[in-house]
Amino acid sequence: MSIADYWRLEAPRFRLEATKCTNCDKIYFPPKRVCPICNNDELIHMDLSGRGRLITFTKVEKPAVEFEYMGPYYVGIVELEEGIRISASIVDVAEEQIKEGMPLELAFRKYYAIGDEGIVYYGYKFRPPL
Amino acid sequence: MQTGIAGYGVYIPMNRISVEEIARVWGEDGVRVSRSINVFEKSVPSLDEDTITISVEAARIALRMSGFSPSSIGAVYVGSESHPFAVYPSAVHVAEAIGATPHLTAADLEFACKAGTAGMQMVFGMVGAGQIEAGLAIGTDTSQGRPGDALEYTAGAGGAAFVIGKDNIVAELEGTYSFTTDTPDFWRREGASYPSHGSRFTGAPAYFRHVISAAKGLMEQLGLTIDDFDRVTFHQPNGKFPLNAARALGIPSEKIEDALAVKYVGNTYSGASIVGLARQLDIAKPGERILLVSYGSGAGSDAFSFVVTDLIDEARQHGVPVDTFINRKRFIDYATYARYRGKIRIK
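Protein chains in written order, with the numbering used here: chain A, 180 to 309; chain B, 6 to 352.
Okay, here's the thing in structure tokens:
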């Protein structure tokens, strides 16, 4: 990912910023500028609640190179209170604890670093509620 | 209108390693070591946790408790000696993550273990002068301890964040006083992985002189005596130093005991004294007066006097108690700890 791409995605990745259509109330995450349902281009920004439940998950035993440092870890589909489904890492959860339907909340974590001198990417992950 | 703390939050990673486990690796008597430093276990950051992630988590809790909107935050200061970047502020990450950008000032601070309280003084000053409506001061560290060094038994990870303003005050600031000298008890050179320290020199001329002098200076400034304080928190490099400083000031141990999170999460450096403040605020009653004294090697201490307000009970409903983090834990062995703290270089 280029630094410019990372910068453009900071709002959704840092605080789950979404957009909501002022005409049909449909919520988009990542944010869209135009509603593809009603073609309305007046969308408002909103931060999603960060509260949801785990729909499904898998354990990543052989991560991509950038994420090798974290392995093994869990990745799941999280359905937020607003109905939005997000794929995300699930952290602070033990093997015997993780199960479909469990409540989760937003966590702010490191994704990966570019070598020893490059930038460090951050963003959302999910964990059991505190 | 007085300034004060409107909201506070802490964050402590859930990994723990016991003092006994560290002692086992180095052939020491773990029970004896634990008793000598009055610390049982310490927190360890996960591979994807650092000073930025801990600061964001603590800031979110503090902001939610405060009732302030993100756009009303006019300053964000993050004090730490373990900022992930030498150049690229932790503070801008926090400001972006809580939605406070772009109309604010932000900066990273460093003064060993007291950079968090230095930020609090700065925000108190700006709010008091009417320059900003509210600000956020954070002290966080993922502390470094060289393998086999005495510091390794205590160097933990965690932080605390405080939203400071003039509205929704849960603890009103009565005054602050600092005591600062050039005392080389602990340092880390640019590019060095681990700090160095002056062993026993970190005691009498460093920690004790500065903490005790700052406490006395504040009381003299405010016309208070130690009996006027109901609760106390000091910097806690271990579980013994703050108790000994309290004894030297004539403070009964029960007034500081509740602040000693160090026994369960280790020394969180820039977070240590203010995690203790948060724990006192978790249980304080309206009207109680709290003494906070930080300590940063090099060396200096910032002392504060707070009076808890009637809003504290309602505000706590929107926060997360420190004990939630103390009790949320999973123990790891030394090998896992070594991996998590980068003490094993894979490539």
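Each residue gets a CB set at the ideal place from its N, CA and C atoms; glycine is no exception.
At least one CB of chain A closer than 8 Å to the CB of residue i: is that the case?
i                : result
Ser148 (chain B) : no
Val327 (chain B) : no
Arg333 (chain B) : yes
Glu54 (chain B)  : yes
Met19 (chain B)  : yes
Ser302 (chain B) : no
Ile57 (chain B)  : yes
If you compare alpha carbons, which of the options is closest to residue i?
i                : options                                   : result
Val38 (chain B)  : B:His215, B:Thr230 and B:Asn243           : B:Asn243
Arg194 (chain A) : B:Ala139, B:Glu62, B:Ser23 and B:Ala28    : B:Glu62
Glu259 (chain B) : B:Val237, B:Tyr269 and B:Val132           : B:Val237
Glu129 (chain A) : A:Leu233, A:Met249 and A:Arg232           : Because chain A in this structure spans residues 180 to 309, residue 129 (chain A) falls outside the shown range and cannot be described.
Arg192 (chain A) : B:Thr58, B:Gln7, B:Ile10 and B:Ile27      : B:Thr58
Ser266 (chain A) : A:Ala273, A:Ala183 and A:Thr237           : A:Thr237
Tyr253 (chain A) : A:Ile216, A:Glu260, A:Gly262 and A:Asp271 : A:Asp271
Lys245 (chain B) : B:Gln149, B:Gly305, B:Thr159 and B:Lys348 : B:Thr159
Thr186 (chain B) : B:Tyr300, B:Ala250 and B:Ala100           : B:Tyr300
Arg294 (chain B) : B:Ile17, B:Thr314, B:Ser306 and B:Ile22   : B:Thr314
Asn173 (chain B) : B:Ala289, B:Ile349, B:Ala11 and B:Glu26   : B:Ala11
Pro308 (chain A) : A:Tyr290, A:Leu233 and A:Glu247           : A:Leu233
Gly161 (chain B) : B:Gly324, B:Ile27, B:Glu319 and B:Leu316  : B:Ile27
Arg333 (chain B) : B:Thr8, B:Ser48, B:Trp31 and B:Gln7       : B:Ser48
Asp295 (chain A) : B:Pro89, B:Ser85 and B:Asn20              : B:Pro89
Glu260 (chain A) : A:Cys203, A:Leu227 and A:Cys217           : A:Leu227
Ile288 (chain B) : B:Ser306, B:His108, B:Asp263 and B:Ala308 : B:Asp263
Ile280 (chain A) : A:Gly302, A:Phe246 and A:Arg230           : According to the sequence provided, residue 280 (chain A) is Gly. The question's Ile does not apply to it. Checked all of A:Gly302, A:Phe246 and A:Arg230; the closest Cα to Gly280 (chain A) is A:Arg230.
Ala73 (chain B)  : B:Lys348, B:His323, B:Asp338 and B:Tyr345 : For the sequence presented, residue 73 (chain B) should be read as Phe rather than Ala. Ranking B:Lys348, B:His323, B:Asp338 and B:Tyr345 by Cα distance to Phe73 (chain B) puts B:His323 first.
Please say whether residue j and residue i have beta carbons closer to each other than 8 Å?
i                : j                : result
Thr235 (chain A) : Ile256 (chain A) : yes
Leu4 (chain B)   : Gln241 (chain B) : Nothing can be reported for residue 4 (chain B): it is not among the residues displayed for chain B, which extend from 6 to 352.
Val267 (chain B) : Val327 (chain B) : no
Glu157 (chain B) : Leu227 (chain B) : no
Gly121 (chain B) : Gly255 (chain B) : no
Gly79 (chain B)  : Thr110 (chain B) : yes
Leu239 (chain B) : Pro247 (chain B) : Correcting the residue identity first, residue 239 (chain B) is Phe in this sequence and not Leu. A contact, by the Cβ cut-off of 8 Å.
Tyr396 (chain B) : Asp146 (chain B) : The displayed coordinates of chain B run from 6 to 352. Any statement about residue 396 (chain B) would go beyond what the structure contains.
Ala166 (chain B) : Ile217 (chain B) : no
Pro209 (chain A) : His224 (chain A) : no
Phe45 (chain B)  : Tyr199 (chain B) : no
His202 (chain B) : Ala304 (chain B) : no
Glu284 (chain A) : Phe305 (chain A) : yes
Val83 (chain B)  : Ser60 (chain B)  : yes
Tyr16 (chain B)  : Phe330 (chain B) : yes
Ser278 (chain B) : Leu296 (chain B) : no
Ile169 (chain B) : Ala139 (chain B) : yes
Ala197 (chain A) : Ile269 (chain A) : no
Phe206 (chain B) : Asp190 (chain B) : yes
Ala142 (chain B) : Ile103 (chain B) : no
Ala283 (chain B) : Gly9 (chain B)   : no
Can you tell me whether residue i is buried or exposed? The criterion is at least 16 other CB atoms within 10 Å of its CB, across all chains shown.
i                : result
Tyr93 (chain B)  : exposed
Gly14 (chain B)  : buried
Gly297 (chain A) : exposed
Phe287 (chain A) : buried
Asn272 (chain B) : buried
Glu54 (chain B)  : buried
Asp220 (chain A) : exposed
Phe129 (chain B) : buried
Val298 (chain B) : buried
His108 (chain B) : exposed
Asn218 (chain A) : exposed
Asp34 (chain B)  : exposed
Is there a Cβ of chain B sitting closer than 8 Å to that of residue i, yes or no?
i                : result
Phe236 (chain A) : no
Leu309 (chain A) : yes
Glu189 (chain A) : yes
Query raised in the report: Using a Cβ cut-off of 8 Å, which residues of the stretch 269-301 of chain A contact any Cβ in chain B, in chain order?
Result: If the cut-off is 8 Å between Cβ atoms, the stretch 269-301 of chain A has Val270, Asp271, Ala273, Ala286, Phe287, Arg288, Lys289, Tyr290, Ile298, Val299 and Tyr301 near chain B.
Query raised in the report: Relative to chain C, which residues along the stretch 247-266 of chain A have a C-beta separation below 7 Å, given in chain order?
Result: Considering every chain present, this structure includes no chain C. Its protein chains are A and B.
Report task. Anything in the stretch 215-230 of chain A with a Cβ closer than 8 Å to a Cβ of chain B? List those residues in chain order, please. Result -> Residues passing the 8 Å Cβ filter: Asp226.
Requested in this report: Using a Cβ-Cβ cut-off of less than 9 Å, list which residues of the stretch 92-110 of chain B approach chain A; keep chain order.
Outcome: If you check each beta-carbon in the stretch 92-110 of chain B against every beta-carbon of chain A, the ones closer than 9 Å belong to Tyr93, His98, Glu101, Ala102, Ile103 and Gly104.
Report task. Quick one: which residues of the stretch 61-93 of chain B get their C-beta closer than 7 Å to a C-beta of chain A? List them in chain order. Result -> If the cut-off is 7 Å between Cβ atoms, the stretch 61-93 of chain B has Val61, Glu62 and Pro89 near chain A.
Requested in this report: Scan the stretch 192-217 of chain A for residues whose Cβ lies nearer than 7 Å to a Cβ of chain B and list them as they occur along the chain.
Outcome: Listed by position, the residues of the stretch 192-217 of chain A near chain B (Cβ gap below 7 Å) are Phe193 and Arg194.
Report task. Could you please tell me which residues of the stretch 29-53 of chain B, in chain order, have their CB closer than 9 Å to any CB of chain A? Result -> If the cut-off is 9 Å between Cβ atoms, the stretch 29-53 of chain B has Ser51, Leu52 and Asp53 near chain A.
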